[in-house]
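Quick note: the sequence shown, position 40, residue 266 per the working numbering, numbers continuous. We put the beta carbon where it would ideally sit given N, CA and C, even for glycine. Just so it is clear, the structure is predicted and the values come from calculations on it, not from any experiment. All remarks here apply to the structure that follows.
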Amino acid sequence: MRKFISLLCIAAFLISCGGSKKVTTTSRTKRATPRQSSVTKVERSTREVARKETSTAEAKKPLPKLSYQERVQQYIFQFSGIAKSEMKTYGIPASITLAQGILESGAGYGDLTSRAKNHFGIKCHDWEGDRVYHDDDRLQECFRKYDQASDSFRDHSLFLKDRKRYARLFTFSKKDYKSWARGLREAGYATDKKYPEKLIGIIEKYKLYEFDREVLGRKSRKKNTAVAIAATPVPKSKDGEHVVISGDTLYSISRRYKISVQELKTYNNLAGNNIKVGQVLKVASADEEEEDFN
């Protein structure tokens, strides 16, 4: 009996030792797994943060700084076409428009221009559109806001053209940018006493008057051509003949003398439709000419 009890105690002891080992092993395995996965997640998140910081740093790299002269040249390149177009439509010298834009907008980099695309510092007055507030002669004055730069240039033209106090400007020659600059100050466009000198200085330094000449040059060439044509004496035509002048065609001549183009070509032995100024064309047959003289 004692032997049997001893054997039971030994068996129970062995079973309890084996069970505790299994539990211990299992718990160690379960604890090891999450530690490895957590390390991996930390490494991945660290890499992602590092990548984001790098991309953010690249995005925040400052743009290359331009000197004031480079900004002005950039402004002229960008807006000279609009200034010339406004000159053709409203008669304001392109040089004046560009010089005012450069001065008032800080060559496109001023706060008011950046916020409101207002290139000429035009205040609200009777404006019903969008507006912004900006410190000028007084704190937080109301200024006009535009959707795009070209709207600001157009409003500048209308602002000068439609107000009586600027009417005197349009009596000056479009080549006389100095009178325009002084006239703007006298009419009250700006309070700065040196405003005319500043405009003239910008115009002459950057040769903005060349844009005025480009616009006026095209017009003057057309006028000169028209004057030359008008001044050319029209040769007198004899009965039965027509002396070709500038602008004549076989069709226009045939209509004038009530004959067909083919008849006109037959009378003059013409193979094609080309005629020259000063060329004498017969506009009637020989028989018709004799009848006229009888």
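Return the chain-ordered list of same chain residues with a C-beta closer than 7 Å to the C-beta of residue i, the five sequence neighbours on each side being excluded.
i      : result
Tyr477 : Val487
Phe346 : Gln326, Gly327, Glu330, Ser378 and His382
Ser253 : Per-residue confidence for Ser253 stands at a pLDDT of 44, beneath the threshold of 50, marking its modelled position as unreliable; the derived number appears in the next sentence. Closer than 7 Å at Cβ, skipping near neighbours: no residue.
Ile308 : Ser376 and Phe379
Asn525 : With the chain running from 227 to 520 in the structure shown, residue 525 is simply not present.
Arg357 : Cys350, Cys368, Phe369, Arg370 and Lys371
Ser480 : Ser486, Val487 and Leu490
Arg411 : Tyr421 and Pro422
Gly317 : Phe396 and Lys400
When the Cα of residue i is compared with those of the options, which residue comes out closest?
i      : options                           : result
Glu440 : Leu496, Gln295, Pro319 and Arg482 : Pro319
Ser311 : Ser376, Gly427, Leu496 and Tyr415 : Ser376
Ala510 : Val358, Glu467 and Leu434         : Glu467
Lys433 : Asp418, Lys401 and Gly409         : Lys401
Arg341 : Ile485, Asn500 and Asp361         : Asp361
Val469 : Thr492, Asn495, Lys502 and Glu489 : Lys502
Arg297 : Tyr335, Gly307, Thr323 and Ser321 : Tyr335
Trp353 : Ile308, Lys371, Ser472 and Phe396 : Lys371
Asp337 : Ser321, Gly498, Tyr359 and Cys350 : Tyr359
Asp438 : Asn495, Tyr421, Tyr415 and Ser306 : Ser306
Ile429 : Ile322, Thr475 and Arg411         : Ile322
Asp521 : Tyr493, Asn495 and Leu507         : This structure gives no information on residue 521, because the portion of the chain shown stretches from 227 to 520.
Gly504 : Ile471, Lys491, Glu489 and Thr339 : Ile471
Met313 : Tyr483, Phe396, Gly427 and Lys431 : Phe396
Lys390 : Ser405, Ala413 and Phe398         : Ala413
Near residue i, what residues of its chain come up, given a Cβ to Cβ distance below 6 Å and the 5 sequence neighbours on each side ignored?
i      : result
Leu425 : Ala325 and Ala407
Ala333 : Arg297, Val298 and Tyr301
Tyr415 : none
Asn494 : Leu507 and Lys508
Phe398 : Ser405 and Trp406
Tyr483 : Val509
Lys431 : none
Gly355 : none
Are there 16 or more other CB atoms within 10 angstroms of the CB of residue i, so buried, or fewer, so exposed?
i      : result
Thr315 : exposed
Tyr435 : buried
Leu292 : exposed
Tyr403 : buried
Asp418 : exposed
Ala497 : exposed
Gly443 : exposed
Ala393 : exposed
Tyr294 : exposed
Thr339 : buried
Gly409 : buried
Lys449 : In this prediction, Lys449 has a pLDDT of 48, which is less than 50 and means its spatial position is unreliable; what the coordinates show is noted afterwards. It counts as exposed.
Thr250 : Here the model assigns Thr250 a pLDDT of 43, short of 50, so the residue's position is not dependable and the matter cannot be decided.
Ordered along the chain, which non-local residues of its own chain (more than five positions away) have a Cβ less than 8 Å from that of residue i?
i      : result
Gln374 : Lys343
Glu284 : Annotation note: pLDDT 45 at Glu284 (below 50); position unreliable, no value reported.
Phe303 : none
### Query
Do the region 386-404 and the region 363-376 make contact, defined as three or more Cβ pairs closer than 8 Å?
no
### Message
Report the start-end ranges of each beta strand (DSSP E) in the region 306-377 that is 3 residues or longer and not cut off at the edges.
### Response
357-360 and 367-370
### Query
Counting only runs that start and end within the region 403-435, where is the alpha helix (DSSP H) found for 4 or more residues in a row?
403-412 and 421-431
### Message
What ranges does the alpha helix (DSSP H) occupy inside the region 477-509, keeping only unbroken runs of at least 4 residues that lie completely in it?
### Response
487-493
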